[in-house]
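Asks: Here it is, the structure, as C-alpha cells.
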C-alpha cells in the first residue's frame, strides 16, 4: 500500500504536472514545437505553461522564455521539441531549476548506435542523478485524460474520449493505431504512454504506476522487446494480479528484424519465449490490436466475471452461424437450455422457432424486439449460461432500434455481461454509442463478436491456470 | 458469347426492370410493404412503379392498385411484401399479366419443412412454368446501383456507393454485414443479391449472370451450403476464369448447425470438401468478411496483376513490423534492393536510414513526404518488386497529408499497384476517400494491410495452380 502510494507520488509530476515548460515552442506550424505547445494548451491543462524559445516574445499568445534560466524555480514537466543534440544540456539546466519529469520526442539516440548510444547514456545519467522521470527519447510522448495533460505533439489527442483503459506502446505508430482502434470502438482512454527508447522510465515503471493508478481499469501493452526482463515480469505479474493486462507483441520475422534493429533499440527474441513468459505473468497476448481493443472494452465494462457459456439469440441466422463457428473452434460453449426453460420459451417464440441455443427467432424478433429480452431473461437464469449475446441487423430503415437499455438492465438483474453484435451499414455510430452508454458491449461484425467471446474465454483460462497467490 | 448475351437478356427484367409492382405496398411505416415501396422509389428508379394494396387509393403519393388484375399488361418485376401464404396465388395472376421477375421476402417455405416445403414447390412450379426469374423466398431482396433499382425493404441501400463489386449472399444478415464492410472500406457495389432459399434462381444462375455482366469486376459470395453442386462448380469455374470470385463459407460446427438447420434449408457439409471444391473452381475462400471486403477492393482497383514481392516504406517502424510479421508468416517476400538501387537511395535518405526493405525513413519522411515517392520510384524499377506499400500515421495535427495523387502516378508509371496503410485516429474518412479516388488502395490498420497483402498472394497462388484452359 505504501509502495503504491510511493509510485503514484514519484510519477505524479509526469502524469499530473502542476506546470509545464515546452522547450522549442514555436509559432511556425511547420515546426514540431508548434504542435507540442498546441497539444498542451488544447488539453484543458489547468496549470502554468511556459513556452521556451531563444527569440522570446510571445508564442501562441503566451509569454515566451528565452532560456531555462529565465524560468521560475520548480517547473515540473519539461517537454522537449528540440533536436537530439540540444536535449541533454537543457535537461541539466532544467534539473537545476527543480524539474521533476521530462518527455523527449527526438530520435537519434540508442536506436542509431555509436554517438546515439553515448547521447542516450548522458541523458539517462542526468535524469537519474536528479530523479527526473523521463519518457522516451524517440517517442510521441504521453497524455492523461484525467489530469488533463497532453504531452504529445498531436493536439487532436486532447479530444480523446476520457476513460479507464491505459496504453503503453513501445512504438508511437502502433500507439496511434491503438488509439485509432479505441476511438473506433468508442472506448475511453486513461493514460497513454509512447515508451520509445525507455532510457529512464521503462515498462516496469509504467506497469507499477498503472497497477496503483485508481483511474486505470485495463492495461494494454505493445511490445517489441523488453529491457530489465526479470523486473518487467515481476511488475507485470503484480499489475496483472490487480487488473487485466493485455499485450500485442511484434517483431518475430526476418523482415521485421530489418526494420526493428533501427527502431527503438531492442528487438523481440523468440515468439514462444514471449508468449510463455507473458502467460506466466498473467498477461494475455493477443493476435492483433483490433482484438486487444475490443477485449479491453469488455473487461473495462464488466471486469473479469466468470462469463462461462454464452446464450446467443438472433433474428438472422447467417451472422449467428459465423459467430458460432468461431466460438466452437475456440472452445466456447452454447449450453443447451433445460427442458423446463425451453418449454417456457416455446410459449412466446414465433411459430417454427425452436428454443435452441443459439436461438433463431426469425424476422419476428426484428419487429418485436421484446423477444430478445424475454428469451435472454430465461436463459440467463441458467447457471452454465454466463452471458447473453444478441445479434441484430439495424439501420435498414424499417425495423426498430435494439432495446439496449432494457437488455443492459437484464444483465444487471442476473449479474451477467450482455453483448450486442449490431450490423448496421450506415448509421452505426449513434446506436453503438447509445447501447454502450447503457453498458451493453457492442461490436459491429459477427467475426468481431466471435473473436471477442473467444478472447474473453482465453483470458479467463489464463487467469484460472495461474497459481493462486497470497 | 451468345450464351452470355442470353443470360443477360433472360435476367434483364430482374436487374434492369422497366416497371415494378410492389405487392403489399403500404402507407404504414410499421409494415414491410411501406419500406419495400420506399426502397424502390428512393433508388432513383426511372420506370413505372405500381403499388398494390386491396384498399386502393394512393400510397406514398402514388396511385395504388387493388389487385394484380387491375394492372396493365407487362409489368416486369413483382416485389412481394406479403405473408408467405399470399405469394403463390398472386404470382400466378402476375404471370398471366406477363411478369418476368419476382422478389419474395417472406420466410415460411423450405426452411420450416412440411407445409413450407410444399409451399416452396408450388411457388417454384409457377415461376418455372412462366419463366419468371425469382429471388428468394426468405431473403432481403436485391439491388443494382447501375439500373438503378432497389428491390429490398431497406431504403438506405439506395444510397450505397455505385461500383463494380457484386455480392451474392445466402444470408440476408451476412449480406448486410458485407455491405457494411464495403461501406466502411468505401468500395462501390454493383449488384447485391440476398439469395435466401433459392427456390428458382440459385448460385449457378447468379454466377452465370455476373460472369457476363460488364458492370461487375469482382464477385463476393457468402455460402452456407450449395444446391445443384455440380452445376454450381461449372458456373463458378467459368465465372472465376473471367473475373475474381471470392467466398466466405460458414456453418461447419455443431452450434452453427443448430441455427442453420432452421435457416435457408441447406447446411454446410465438411469444411474441407468446401475449400477443396472452391479452390478447384478458382474461387478463393477467405477467413472472414472483412478480409474479403478488402481483397475485393484491391482486385477491383488493380485487377489481377502479378503483384510479386512488396516494397514497404515507413516513417514509423512499429506498424511496419506488424505488417512484416504477418506477411513473412504467409510467405510474402520483401525483396532486397539491388546494390545499385540501394546506393541511389542512400543519397537522399535521412542520416542513419539504411536502404533496406522494409525501409524505415524515420520522422524525416513524415515532414518530407517526397521521400516516399523517391524511394518507391527506385524500388518499383526492380523486377521482383511487384507493388509498393507506404505506411503513414496521419491526422496527428502536425504532419502534412500523404501525397496520394503522386504515389498513384508512380504506380501507373511502373504499371504496379500501390497501397497505403493510413493510421489516422480522428479524420480518416476524408483522406482515405481522397487517396482511393486517385487509385491508391488504402486500409487503416497494419494488421489489415498485412492480411490484404497475404490474401492477394493467396489469390495469385490459387490462380497459378489452376490448369490452363483453352
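Chains as they are written, first to last, in our numbering: chain A, 1 to 470; chain B, 471 to 940.
All C-beta atoms in this analysis are idealised placements derived from N, C-alpha and C, irrespective of residue type, glycine included.
Grouping DSSP H, G and I as helix and E and B as strand, with all else coil, what is residue 536(B)?
Replies: Sequence index remark: in the second chain, residue 536(B) carries index 66 (1-based). Three-state DSSP puts residue 536(B) in coil, outside helix and strand.
Asks: Would residue 368(A) pass as an interface residue toward chain B - the criterion being a Cβ-Cβ separation below 8 Å?
Replies: Walking along the first chain from the start, residue 368(A) turns up at place 368. Chain B, which has no Cβ nearer than 8 Å to the Cβ of residue 368(A), makes this no.
Asks: So who's on the other strand from residue 521(B), going by DSSP bridges?
Replies: In the second chain, counting from the first residue as 1, residue 521(B) sits at position 51. In DSSP, residue 521(B) forms a bridge with 492(B).
Asks: Please confirm if residue 788(B) has its CB atom under 8 Å from at least one CB of chain A.
Replies: In the second chain, counting from the first residue as 1, residue 788(B) sits at position 318. Yes, residue 788(B) lies at the interface with chain A (some Cβ there is under 8 Å from its Cβ).
Asks: Given a cut-off of 8 Å on the beta-carbon distance, is the pair residue 124(A) and residue 199(A) in contact?
Replies: Working through the first chain from its first residue, we reach residue 124(A) at position 124. Working through the first chain from its first residue, we reach residue 199(A) at position 199. Yes, Cβ-Cβ distance for residue 124(A) and residue 199(A) is below 8 Å.
Asks: If I follow the unbroken beta strand (DSSP E) through residue 166(A), where does it start and stop?
Replies: Sequence index remark: in the first chain, residue 166(A) carries index 166 (1-based). Residue 166(A) -> beta strand (DSSP E) spans 162 to 169.
Asks: Determine the closest residue to residue 75(A) out of 115(A), 117(A) and 19(A), with distance taken between C-alpha atoms.
Replies: Reading the first chain from its first residue, position 75 is the one you call residue 75(A). Out of 115(A), 117(A) and 19(A), 19(A) has the C-alpha closest to the C-alpha of residue 75(A).
Asks: Using a C-beta cutoff of 8 Å, does residue 776(B) count as contacting chain A?
Replies: Within the second chain, residue 776(B) is the residue found at index 306, counting from 1. For residue 776(B), the answer is no, since every Cβ of chain A falls outside 8 Å of its Cβ.
Asks: Residue 894(B): which of 143(A), 170(A) and 179(A) sits nearest, CA to CA?
Replies: Taking the second chain and counting its residues from 1, one reaches residue 894(B) at position 424. The residue with the shortest Cα to Cα distance from residue 894(B) is 179(A).
Asks: Determine, using beta carbons only, whether residue 644(B) comes closer than 8 Å to chain A.
Replies: Start at 1 with the first residue of the second chain, and residue 644(B) comes out as number 174. Interface residue, yes.
Asks: Where does residue 731(B) fall in DSSP's three states?
Replies: What you label residue 731(B) is simply residue 261 of the second chain in a count that begins at 1. Confidence is the limiting factor: at residue 731(B) the pLDDT is only 49, short of 50, which leaves the residue's position unreliable, though a coordinate-based value still follows. Here residue 731(B) sits in coil by DSSP.
Asks: In chain B, what lies closer than 7 Å to residue 211(A) by C-beta?
Replies: Residue 211(A) sits at position 211 when you count from the first residue of the first chain. Those within 7 Å of residue 211(A) in chain B number zero; the least Cβ separation is about 24 Å.
Asks: Excluding the five sequence neighbours on either side, which residues of its own chain have a C-beta within less than 6 Å of the C-beta of residue 550(B), listed in chain order?
Replies: Counting from 1 along the second chain, the entry for residue 550(B) is found at position 80. 493, 557 and 574, listed in sequence order.
Asks: For residue 170(A) and chain B, any beta-carbon pair shorter than 8 Å?
Replies: Stepping through the first chain from its first residue, residue 170(A) is reached at position 170. Closer than 8 Å: yes.
Asks: Assuming the contact rule is C-beta atoms closer than 8 Å, residue 432(A) and residue 160(A) should be a hit. Round their C-beta distance to whole Å, please.
Replies: Locating residue 432(A) in the first chain gives position 432, where the first residue counts as 1. Locating residue 160(A) in the first chain gives position 160, where the first residue counts as 1. Their Cβ separation, rounded to whole angstroms, is 17 Å, which puts residue 432(A) and residue 160(A) out of contact at 8 Å.
Asks: Which residue spans inside the segment 642 to 715 of chain B form an unbroken alpha helix (DSSP H) run of at least 4?
Replies: Listed in chain order, they are 642 to 654, 673 to 682 and 699 to 712.
Asks: So residue 310(A) and residue 281(A) are supposed to be a Cβ contact under 8 Å. How far apart are they, rounded?
Replies: Here residue 310(A) refers to the residue found at position 310 of the first chain. Here residue 281(A) refers to the residue found at position 281 of the first chain. Rounded, the Cβ-Cβ distance is 28 Å, inconsistent with contact.
Asks: Judging by CA-CA distance, which residue of 589(B), 784(B) and 536(B) is the nearest neighbour of residue 525(B)?
Replies: Looking up residue 525(B) in the second chain gives position 55. Closest option to residue 525(B), Cα to Cα, is 536(B).
Asks: If you reduce the DSSP assignment to three classes, tell me which class residue 14(A) lands in.
Replies: Here residue 14(A) is taken as the residue at index 14 of the first chain, counted from 1. The answer is helix: DSSP assigns residue 14(A) an H, G or I state.
Asks: What is the residue span of the alpha helix (DSSP H) that residue 422(A) lies within?
Replies: To locate residue 422(A), count along the first chain from 1; it is residue 422. Residue 422(A) -> not in any alpha helix (DSSP H); beta strand (DSSP E) instead, spanning 418 to 423.
Asks: Strictly below 9 Å CB to CB, what residues from chain B border residue 352(A)?
Replies: Within the first chain, the letter at position 352 stands for residue 352(A). By Cβ distance, chain B contributes 577, 578, 581, 582, 583, 586 and 732.
Asks: To the nearest whole angstrom, what separates the beta carbons of residue 171(A) and residue 787(B), a pair I think is in contact under 8 Å?
Replies: Within the first chain, the letter at position 171 stands for residue 171(A). Within the second chain, the letter at position 317 stands for residue 787(B). Yes, residue 171(A) and residue 787(B) are in contact; Cβ-Cβ is about 6 Å, under 8 Å.
Asks: What is the DSSP secondary structure of residue 831(B), counted as helix, strand or coil?
Replies: Position 361 of the second chain, counted from the first residue, corresponds to residue 831(B). In the structure shown, residue 831(B) sits in coil (DSSP, three-state: anything other than H, G, I, E or B).
Asks: Could you spell out where the beta strand (DSSP E) holding residue 550(B) opens and where it closes?
Replies: Taking the first residue of the second chain as position 1, residue 550(B) is located at position 80. Counting along the chain, the beta strand (DSSP E) containing residue 550(B) begins and ends at 547 to 550.
Asks: When we look at the beta-carbon of residue 369(A) and count the other beta-carbons within 10 Å, is it buried (16 or more) or exposed?
Replies: Locating residue 369(A) in the first chain gives position 369, where the first residue counts as 1. By the 10 Å Cβ count, residue 369(A) comes out buried.
Asks: What does a CB cutoff of less than 6 Å around residue 42(A) pick up in its chain, not counting 5 residues either side in sequence?
Replies: Start at 1 with the first residue of the first chain, and residue 42(A) comes out as number 42. If we look at residue 42(A) and ignore the five residues flanking it on each side, its Cβ neighbours are 155 and 158.
Asks: Over the uninterrupted alpha helix (DSSP H) stretch that includes residue 609(B), give me the two end residues.
Replies: What you label residue 609(B) is simply residue 139 of the second chain in a count that begins at 1. Residue 609(B) -> no alpha helix (DSSP H), and no H or E assigned at all.
Asks: Taking only beta-carbon positions, decide if residue 916(B) is within less than 8 Å of chain A.
Replies: Start at 1 with the first residue of the second chain, and residue 916(B) comes out as number 446. Residue 916(B) counts as touching chain A.
Asks: Can you tell me whether DSSP reads residue 779(B) as helix, strand or coil?
Replies: Here residue 779(B) corresponds to residue number 309 of the second chain, with the count starting at 1. Note: residue 779(B) maps to strand in three-state DSSP.
Asks: In the DSSP assignment, what residue or residues form a beta bridge with residue 150(A)?
Replies: Within the first chain, numbered from 1, the residue matching residue 150(A) stands at position 150. Answer by DSSP bridge pairing, in chain order: 143(A).
Asks: Could you check what DSSP says for residue 463(A) in three-state terms: helix, strand or coil?
Replies: Indexing the first chain from 1 puts residue 463(A) at position 463. Note: residue 463(A) maps to helix in three-state DSSP.
Asks: Restricting to runs no shorter than 4 residues, where is the alpha helix (DSSP H) found entirely within the segment 307 to 393 of chain A?
Replies: Segments of the alpha helix (DSSP H) lying fully in the segment 307 to 393 of chain A: 317 to 329, 339 to 346, 364 to 367 and 370 to 379.
Asks: Counting pairs of beta carbons, one from the segment 134 to 141 of chain A and one from the segment 98 to 116 of chain A, are three or more of them closer than 8 Å?
Replies: The segment 134 to 141 of chain A, when compared against the segment 98 to 116 of chain A, does touch it at the 8 Å Cβ threshold.
Asks: Under the DSSP definition of a beta bridge, which residues are partnered with residue 285(A)?
Replies: Indexing the first chain from 1 puts residue 285(A) at position 285. For residue 285(A), which the question treats as bridged, DSSP gives the partners 247(A).
Asks: Going by the beta-carbon positions, is the gap between residue 294(A) and residue 452(A) smaller than 8 Å?
Replies: Start at 1 with the first residue of the first chain, and residue 294(A) comes out as number 294. Start at 1 with the first residue of the first chain, and residue 452(A) comes out as number 452. Taking 8 Å as the Cβ cut-off, residue 294(A) and residue 452(A) qualify as a contacting pair.
Asks: Report yes or no: is there a C-beta of chain B within less than 8 Å of the C-beta of residue 505(A)?
Replies: Because chain A in this structure spans residues 1 to 470, residue 505(A) falls outside the shown range and cannot be described.
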